[in-house]
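K.L.:
Got a structure for you, questions after.
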Amino acid sequence: MRTRQSRRWEIFLLSVVLVVGSAGCGTEPEAATRPLTGRAAAPAAHSSAEEDAAGKAALAAYSGYLDASRAASARSDPSHPALTRFLADPLLTRVRMAILDAKEHGAMRTGKLLSDPEVVSVDLTARPPTVEIQDCLDASGYRLVYAKDRKAVPGTRGGRYLATATAVRFPDGRWLVNGGAAHQDQPC
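So that you can map any letter, position 182 of the sequence shown is 182 in the UniProt record's numbering, and since no number is skipped, the others follow by simple counting.
Here you go:
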């Protein structure tokens, strides 16, 4: 029988496993922190070189997101500056809340999260331009533990499973991850 607290930890695990040091403290103008939107004229087609470049930039943002999230989770620091370098809302807020929740319960992340992402679609005509990423995360060695004694939090589990993410290009040219989900019911 699962308790409510164990269920919260499982939800937390789903959020933080997908999330996992640099600048970017959010001091940029507001327009630079929102994706491109609106009805601007878009070219009818993009070259495969442009799509490849967008895919590589989005994968770099995704990799940075996982690294920043791991660093912030290991330090129980929801304000870790690297988070804003690779993440945008609504995912940024979800990640920060998950880290804060763990911190308030005396927990933190330890271990290694393995990732094998690939681009599944690129849409440069969308507003904002979007790249969809699919990943096979291996969280077998990535654990949620109590900070005080490093014992595993009951009800949390690792394993290999599918994760998806969305990266968007912002007006300043940066690709940021603003959406993501862990699909622990879909092993890979």
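All residues carry an ideal CB built from backbone N, CA and C; glycine is no exception.
So L83 and A98 are in contact, right, with Cβ under 8 Å, and what is the actual spacing, rounded?
P.N.:
For the purposes of this step, residue 83 is identified with residue 83 of the sequence shown, where counting begins at 1. For the purposes of this step, residue 98 is identified with residue 98 of the sequence shown, where counting begins at 1. Contact doesn't hold; Cβ gap of about 11 Å is too wide.
K.L.:
Distance, Cα to Cα, A182 vs A163?
P.N.:
Counted from its first residue, the sequence shown places residue 182 at position 182. Counted from its first residue, the sequence shown places residue 163 at position 163. When rounded, the distance between both Cα atoms is 4 Å.
K.L.:
Give the single residue among Q184, T125 and R109 whose Cα lies nearest to the Cα of H46.
P.N.:
Sequence index remark: in the sequence shown, residue 46 carries index 46 (1-based). Closest option to H46, Cα to Cα, is T125.
K.L.:
Please list, in chain order, all residues of the same chain as A74 whose beta carbon is under 8 Å from its beta carbon, the five residues on each side excluded.
P.N.:
Locating residue 74 in the sequence shown gives position 74, where the first residue counts as 1. Once the five neighbours on either side are set aside, the close Cβ partners of A74 are M108, R109 and T110.
K.L.:
Compare the beta carbon distance of residue 208 and P128 with 9 Å and say whether it is the shorter of the two.
P.N.:
The first residue shown for the chain is 1 and the last is 188, placing residue 208 beyond what the model contains.
K.L.:
What's the call for S69, buried or exposed, on a 16-neighbour Cβ count within 10 Å?
P.N.:
Mapped onto the sequence shown, residue 69 falls at position 69. The residue is buried, with at least 16 neighbouring Cβ atoms inside 10 Å.
K.L.:
So what does DSSP say about V95, is it helix, strand or coil?
P.N.:
To locate residue 95, count along the sequence shown from 1; it is residue 95. Of the three classes helix, strand and coil, the one that applies to V95 here is helix, per DSSP.
K.L.:
Which partner residues does A167 have in the DSSP bridge list?
P.N.:
Residue 167 sits at position 167 when you count from the first residue of the sequence shown. Paired residues: V131 and V177.
K.L.:
Let me know the beta strand (DSSP E) ranges lying completely inside the region 114-161, each 3 residues or longer, listed in chain order.
P.N.:
118-123 and 130-146
K.L.:
So the candidates are L100, S63 and P90; which of them puts its Cα closest to the Cα of H80?
P.N.:
For the purposes of this step, residue 80 is taken as the residue at position 80 of the sequence shown. Comparing Cα-Cα distances from H80 to each of L100, S63 and P90, the minimum goes to L100.
K.L.:
Under 9 Å between the Cβ atoms of R174 and G158?
P.N.:
If you number the sequence shown from 1, residue 174 lands on position 174. If you number the sequence shown from 1, residue 158 lands on position 158. No, Cβ-Cβ distance for R174 and G158 is not below 9 Å.
K.L.:
Rounded to the nearest angstrom, how far is the Cβ of V122 from that of A49, given a contact under 8 Å?
P.N.:
One-based indexing of the sequence shown puts residue 122 at position 122. One-based indexing of the sequence shown puts residue 49 at position 49. Contact between V122 and A49 fails: their C-beta atoms lie close to 12 Å from each other, not under 8 Å.
K.L.:
In angstroms with no decimal places, state the Cα-to-Cα distance between E10 and G155.
P.N.:
Working through the sequence shown from its first residue, we reach residue 10 at position 10. Working through the sequence shown from its first residue, we reach residue 155 at position 155. Here the model assigns E10 a pLDDT of 42, short of 50, so the residue's position is not dependable and the matter cannot be decided.
K.L.:
Apply the 10 Å Cβ neighbour rule to A147 and answer buried if 16 or more other Cβ atoms are within range, or exposed otherwise.
P.N.:
Taking the sequence shown and counting its residues from 1, one reaches residue 147 at position 147. The residue in question, A147, is exposed, as its Cβ has fewer than 16 Cβ neighbours within 10 Å.
K.L.:
Could you tell me which whole alpha helix (DSSP H) segments of length 4 or greater appear in the region 46-76?
P.N.:
48-74
K.L.:
Residues in the same chain with beta-carbon distance under 6 Å from Q184, minus the five sequence neighbours each way, listed in chain order, please.
P.N.:
As a working mapping, residue 184 is identified with position 184 in the sequence shown. Around Q184: Y161.
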